[in-house]
Amino acid sequence: MTTRKVKTAILISGRGSNMVALVEAAQLETYPAEIVGVISNRPDAEGLEKARALNIPAFVIDHRHYASREAFEQDLHDKLVSLEAELVCCAGFMRVLTPWFVSRWKNRLLNIHPSLLPKFKGLKTHQRAIEAGDKETGCSVHWVTEELDAGAVILQKSVEIAPDDTAELLAARLLPVELSLYPEALKKVASKILAAH
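Just so we're aligned, residue 0 is where the sequence shown starts under our numbering, counting upward by one.
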């Protein structure tokens, strides 16, 4: 008897480093989630090839082919339903999702953000943390809600900001932290779902 795992889809727009970390974690027999597909809104996303190399079905839903955000999200929603996804992880997915989509996937949509939320929502987080004179920054995995980067935090980890740090140095130092945090957060959420059934 194989143990049930929570079916999880991943949305990407770029190189897919967090996606790879999630897929590799999910290959462990004891991990409570399985990755059922990767979807990119950009046909040139490097992460698509990486997903296929890891034997994960990869799909493109190019937002530029749609007349409206709603039409794009309807197809995205339909694809996730066809994959029987129970959870959706945004991993460098560079689209702001509409309230319609977010409400369809309420409490099932996760995102990783490169700051210690609620600080520095939105873009250029590392630069803003440095300019604010903060001693530390970090990354947060949180629930996606209708307000950008405002959902409850599931897990976060911090790194120190060195006096001579640039945004690029900080991003590079934070990446391995992100790559360990996201699988940990998905594990926490999926375990909770399995325990509830």
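Every residue gets a Cβ at the ideal spot worked out from N, C-alpha and C, and that includes glycine.
Model, not experiment: these values are computed from the prediction.
Check, Outcome
"Out of curiosity, what's the CA-to-CA distance linking Met0 and Thr136?", "Summary for Met0: the model assigns pLDDT 43, below 50, so the residue's position carries little reliability; its value from the coordinates is reported in the next sentence. Computed Cα separation, rounded: 44 Å."
"State the start and end residues of the unbroken alpha helix (DSSP H) segment that holds Glu85.", "Premise fails: Glu85 is in no alpha helix (DSSP H) and is neither H nor E."
"Might you give, ordered along the chain, the residues of its own chain that have their beta carbon closer than 6 Å to the beta carbon of Ala50, omitting 5 neighbours on each side?", "Val37 and Ala57"
"At the level of alpha carbons, what is the spacing between Glu202 and Ala171?", "Outside the displayed range of the chain (0 to 196) lies residue 202, so it cannot be described from this structure."
"Counting only runs that start and end within the stretch 124-191, where is the beta strand (DSSP E) found for 3 or more residues in a row?", "135-142 and 152-159"
"Output needed for Ile34: all residues of its chain with C-beta closer than 7 Å, excluding positions within five of it in sequence on either side, in chain order.", "Thr7, Ile9, Leu21, Val22, Ala25 and Ile55"
"Mind pulling the beta strand (DSSP E) runs of 3 or more residues that sit fully within the stretch 7-79?", "32-39 and 57-59"
"Grab the span of the alpha helix (DSSP H) containing Pro98 for me, first residue to last.", "Pro98 to Arg103"
"Look up Leu108 in the DSSP assignment and give the residues it is bridged to.", "Val87"
"Excluding sequence positions up to five away, which residues of its chain have a Cβ less than 6 Å from the Cβ of Phe100?", "Glu72"
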